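Written out below as structure tokens is the structure these notes cover.
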Amino acid sequence: MEMAQRARALQAQAQAQAQTQTHGQAEGLARGGGREVISLALGEPDFPTPGPVVEAACRAARAGETRYPPLTGTPALKQAVRDKFARENGLDFADGEILVGNGGKQILFNALMATLEPGAEVVIPRPYWASYPLTVRMLGGTPVFVDCPEADGFRLDAGALAGAIGPRTRWVILNLPCNPTGASCDEAGLRAIADVLRRHPHVWILCDEIYEHLLFTSQSHRSLASLAPDLLPRLLILSGVSKTYAMTGWRIGFGAGPARLIAAMSVVQGNATSGACSVSQAAAAAALRGDQGVVGVMRDTYRARRDRIVAALRAMPGVRCALPDGAFYAYPSIAGCIGRTSPGGRLIDSDKAFALALLEEQHVAVVQGSAFGMSPYLRLSTAAADAALDEACRRMDAFCRGLTLA
Amino acid sequence: MSLIAARLNRISPSQTIAISTKARALKAAGRDIISLSAGEPDFDTPDNVKQAAIRAIERGETKYTDVAGTPALRRAIAGRFAHDSGLDYTPEEIIVSTGGKQIIYNAMLATLEAGDEAIIPAPCWVSYPDIVSLADGTPVIVPCGPNSGFKLSPDALADAITPQTKWVFLNSPNNPTGAAYSADELRALAHVLLRHSGVWIFTDDIYDKLLYDGVQAATIVQVEPRLRERTVTMNGCSKAYAMTGWRIGYAGAPVALIKAMEKLQSQSTSNTSSISQAAALEALSGPQEFIAGMVATYQARRDVVVGMLREAPGLDCHKPDGAFYVFPSMQGCIGKTSGKGAKIEDDESFVIALLEEEGVAAVHGSAFAFPGHFRVSYATDTDSLREACSRIQRFCRALR
Chain A
0 MEMAQRARAL QAQAQAQAQT QTHGQAEGLA RGGGREVISL ALGEPDFPTP GPVVEAACRA
60 ARAGETRYPP LTGTPALKQA VRDKFARENG LDFADGEILV GNGGKQILFN ALMATLEPGA
120 EVVIPRPYWA SYPLTVRMLG GTPVFVDCPE ADGFRLDAGA LAGAIGPRTR WVILNLPCNP
180 TGASCDEAGL RAIADVLRRH PHVWILCDEI YEHLLFTSQS HRSLASLAPD LLPRLLILSG
240 VSKTYAMTGW RIGFGAGPAR LIAAMSVVQG NATSGACSVS QAAAAAALRG DQGVVGVMRD
300 TYRARRDRIV AALRAMPGVR CALPDGAFYA YPSIAGCIGR TSPGGRLIDS DKAFALALLE
360 EQHVAVVQGS AFGMSPYLRL STAAADAALD EACRRMDAFC RGLTLA
Chain B
0 MSLIAARLNR ISPSQTIAIS TKARALKAAG RDIISLSAGE PDFDTPDNVK QAAIRAIERG
60 ETKYTDVAGT PALRRAIAGR FAHDSGLDYT PEEIIVSTGG KQIIYNAMLA TLEAGDEAII
120 PAPCWVSYPD IVSLADGTPV IVPCGPNSGF KLSPDALADA ITPQTKWVFL NSPNNPTGAA
180 YSADELRALA HVLLRHSGVW IFTDDIYDKL LYDGVQAATI VQVEPRLRER TVTMNGCSKA
240 YAMTGWRIGY AGAPVALIKA MEKLQSQSTS NTSSISQAAA LEALSGPQEF IAGMVATYQA
300 RRDVVVGMLR EAPGLDCHKP DGAFYVFPSM QGCIGKTSGK GAKIEDDESF VIALLEEEGV
360 AAVHGSAFAF PGHFRVSYAT DTDSLREACS RIQRFCRALR
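Protein chains in written order, with numbering that gives the first Met the number 0: chain A, 0 to 405; chain B, 0 to 399.
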């Protein structure tokens, strides 16, 4: 049987799988023996889920908290989410303005499924998390990209954003700090963006703040919603526990926004998966309520690794690297390597070719920038131990030094 | 530009919300409410399954897994399919999702275009037509009454198939009727389906461990292997292993469809919880002995409920083969007035009056696209069931 158009659209987007493909190739290489493969391809923390969170989950399982949870989330978790927004972001959400989903991804999917008509436009800053344009296209919408050049530190310029908004724009997606660049926005930048959005009252704003706690700048994270509460009636905040608390596998994300949007998103979720795993919800509530010191420890570690890896990248011939404000990635440019040939004889004519050659010849897995909409770049994850990061950089340095113009 | 997309208008507003809201309000006001509206087991998740989950948590199995499920779990599911139903799905032909519901959702979104039809025998779980509609398809409801044991006949199936038909849904044992198709009945349906090579079959077998009176489970690919190439065989851990909150459903299907479903899932939820997958691995590959005891308990409860409801005037109660529901007719009560003066016009007014006057919560048949009936769940302790059935008898006796 022929698959539906929406499924075919997904299948054509090979880049979506770049991350998993690369990591899978790395695993394949590792299984085949030979030198240890170092994968910097995945977007997940290498830390374990914190002890108290683990304890809470085990208690919940033992106590039989294993029944269907309410669709929009358990009362305990929803309250913990509301308290988090009050405590951390100065935002007051009612119970009907919160939805707990299976990861932040499902919150994104629900929002778009509930609101996108065919032909509607969604403004997406580029480089982007691949799921944004993929999901928009799958649901019949049209992505409109706003380039965030390296020269600006990959930061979103309010003027550029204004130029991308038009009468068919349904959503603007903001991802701050950004995957893959780690770029964030200072207060002045956020205010400028808010001013642009005020001039277009038909546009809804999706603020993906999943990396909100992994910000290394002197200014701590501010939600756009906190700075511009007048935008709240058309703003959805997406966050979750995956990155902050090293809980990627547990699959808990949440959305906060106007009740009628949350209600529509709940209808979508109700037809897709119902409520999220009850044991995971108990774990997430414990993470949000517990000692937040673990978050600071992880953040300091990621900051130190960022400094380490950026310094190493900047020393590699043909490589430039902007300093990310947050998240756990580096997004170096390999423009200086394009046109050269690898020691193994592969012509480096793209970031994809670079990534492939680096994997085959030096057993280091990274993701090519084309997967995030901007070439020729690479995304390296810093979610690996120092020794692994150092070894990966050493090998990549050797690789770059071995490139020739032959 | 209105905010909410038109596709959401195709979803029926929740039929059960009125009842559950009322039940909650009455309970909050101190009324003694017995809920027979649950769609989940009252048993607890087995200890060995919980222990496996706890071990996985402590070992740090808390990272992203493959979207379609861990290799170990997909192998265990293949083993389960082979052992229980003689099906030979390979791990690559299996996907693990967040509940059986997401299997349906993925399959429909992957395949339905506007204008495509999906044949849904009624009484049916309301999510089938809702998901079909969300995926731009057209649900074609085919009522299957008590005279056919609430089962789709080959003639009814043949009559419903059109050039637009893309899917036929089977649910055996059925929610809400508990009806189960025998191998012969499935063979007769398969005979029709073999003549329509463009039609795919979605078989929801999630209740197939809950069968009574020695009735044997049967699933369509098992009885007609030639349909394997166009069938999705869905099952899960929720009902058989009392794991509703863990959110584990799975399916076997041809690789091309599994891959399409996997790609869709990768853009909506990624993998289902890694901890739940570890729990499911134990459930599916660990000891299965406890199931027999659970089934015996459900059967005894079924007999109590059927026996007592058959003594309620105006009700006509069949005896279900499986699941944990009974679906009696209340048509003998239509037009009458309750003891407290409520007019019984239909199944919905019946269940509302029953709730308000006797404190028993059941679900009206219209919620399952089959008016004139109501669904009673017997997934609760026998004492509560006896008390609830006494109240239903009293309610019916008081009708004038």
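Positions of the beta carbon are idealized from the N, C-alpha and C atoms, including for glycine. Remember, it's a predicted structure, so these values are computed and weren't measured experimentally.
Residues near residue i by beta carbon distance below 6 Å, same chain, minus five either side
| i | result |
| --- | --- |
| B:Ile102 | Ser96, Met233, Gly248, Ala250 |
| A:Ala15 | Unreliable placement is indicated for A:Ala15, whose pLDDT of 47 sits below 50; the coordinate value is still reported in the next sentence. These residues qualify, in order along the chain: Ala129, Leu133. |
| A:Arg302 | Phe215 |
| B:Asn170 | Asp203 |
| A:Val143 | Glu120, Val122, Ala163 |
| B:Arg30 | Gly358 |
| B:His195 | Ile160 |
| B:Ser383 | Ile33 |
| B:Tyr127 | Ile119, Phe168 |
Cross-chain neighbours of residue i in chain A, by beta carbon under 9 Å
| i | result |
| --- | --- |
| B:Ile102 | The contacting residues do not exist; B:Ile102 stays about 10 Å from chain A at best. |
| B:Ile130 | Asn270, Ala271 |
Alpha helix (DSSP H) segment containing residue i, residue limits
| i | result |
| --- | --- |
| B:Leu263 | 254 to 265 |
| A:Asn109 | 103 to 114 |
| B:Asp203 | Segment 199 to 203 is the beta strand (DSSP E) holding B:Asp203; no alpha helix (DSSP H) there. |
| A:Glu87 | 74 to 88 |
| B:Tyr129 | Checking the sequence shown, residue 129 of chain B turns out to be Asp, not Tyr. 126 to 133 is the span of the alpha helix (DSSP H), which, as asked, contains B:Asp129. |
| B:Asn105 | 99 to 110 |
| A:Gly248 | Careful: A:Gly248 lies outside any alpha helix (DSSP H) and carries neither H nor E. |
| A:Leu388 | 385 to 400 |
| B:Asn47 | 46 to 57 |
| A:Val293 | 292 to 313 |
| A:Pro51 | 50 to 61 |
Cutoff 7 Å; reference residue i; Cβ partners in own chain excluding five residues on either side
| i | result |
| --- | --- |
| A:Ala391 | Ile37, Leu39, Val363 |
| B:Glu386 | Ile33 |
| B:Ser275 | Trp245, Arg246, Ile247 |
| A:Arg250 | Asn101, Gly102, Ala275, Cys276, Ser279 |
| A:Glu360 | Ser341, Pro342, Gly343, Phe398 |
Segment limits, beta strand (DSSP E) that includes residue i
| i | result |
| --- | --- |
| A:Arg125 | 120 to 125 |
| B:Asn170 | 164 to 170 |
| B:Arg374 | 373 to 376 |
| A:Leu237 | 234 to 239 |
| B:Ile119 | 116 to 121 |
| B:Tyr249 | 248 to 251 |
| A:Cys206 | 203 to 207 |
| A:Arg378 | 377 to 380 |
| A:Asp229 | A:Asp229 -> no beta strand (DSSP E), and no H or E assigned at all. |
| A:Asn174 | 168 to 174 |
| A:Asp146 | 141 to 146 |
Proximal residues of chain A, C-beta to C-beta of residue i below 8 Å
| i | result |
| --- | --- |
| B:Gln266 | Leu9, Ala15, Lys104, Phe108, Ser130, Leu133, Thr134, Met137 |
| B:Asp43 | Gly63, Thr65 |
| B:Leu2 | Thr114, Trp203, Arg259, Leu260, Ala263 |
| B:Arg229 | Met0 |
| B:Ser126 | Asn270 |
Cross-chain neighbours of residue i in chain B, by beta carbon under 8 Å
| i | result |
| --- | --- |
| A:Thr48 | Ile56, Gly59, Thr61 |
| A:Val294 | By Cβ distance, chain B contributes nothing, its closest Cβ being about 16 Å from A:Val294, past 8 Å. |
| A:Pro68 | Gly244 |
| A:Ser279 | Ser272, Ile274, Ser275 |
Cβ-based neighbour list, residue i, same chain, cut-off 8 Å, excluding 5 preceding and 5 following
| i | result |
| --- | --- |
| A:Leu70 | Ser265, Gln268, Gly269, Ser273, Gly274 |
| A:Glu186 | Gln218, Arg221, Leu226 |
Assumed close pair residue i, residue j - CB separation to whole angstroms, cut-off 8 Å
| i | j | result |
| --- | --- | --- |
| A:Asp306 | A:Gly181 | Wrong, their Cβ atoms sit about 12 Å apart, outside the cutoff. |
| B:Cys388 | B:Pro312 | So it is not a contact: roughly 13 Å between Cβ atoms. |
| B:Ala4 | A:Glu116 | 5 Å |
| A:Ala262 | A:Pro44 | About 33 Å separates the two Cβ atoms, so there is no contact after all. |
| A:Val366 | A:Leu377 | 7 Å |
| B:Val125 | B:Ala157 | Between B:Ala157 and B:Val125 the Cβ distance is about 25 Å, and since that is not below 8 Å, they are no contact. |
| A:Asp329 | A:Ile347 | Here residue 329 of chain A is Ala; the residue named in the question, Asp, does not match the sequence. With a Cβ gap of about 19 Å, A:Ala329 and A:Ile347 do not count as contacting. |
| B:Ala134 | B:Leu108 | 5 Å |
| A:Leu235 | A:Leu260 | 6 Å |
Any non-hydrogen atom of the ligand NAD closer than 8 Å to residue i Cβ
| i | result |
| --- | --- |
| A:Asn101 | In the structure shown, the ligand NAD is absent, as is every other ligand, since no ligand is present at all. |
Partners in chain B for residue i, counting only beta-carbon separations shorter than 7 Å
| i | result |
| --- | --- |
| A:Met297 | None at all; the shortest Cβ gap to chain B is about 14 Å. |
| A:Arg5 | Leu108 |
Proximal residues of chain A, C-beta to C-beta of residue i below 7 Å
| i | result |
| --- | --- |
| B:Lys49 | Ala60, Arg61 |
Any alpha helix (DSSP H) of 4 or more consecutive residues that is wholly inside the segment 289 to 374 of chain B: 289 to 308, 346 to 357
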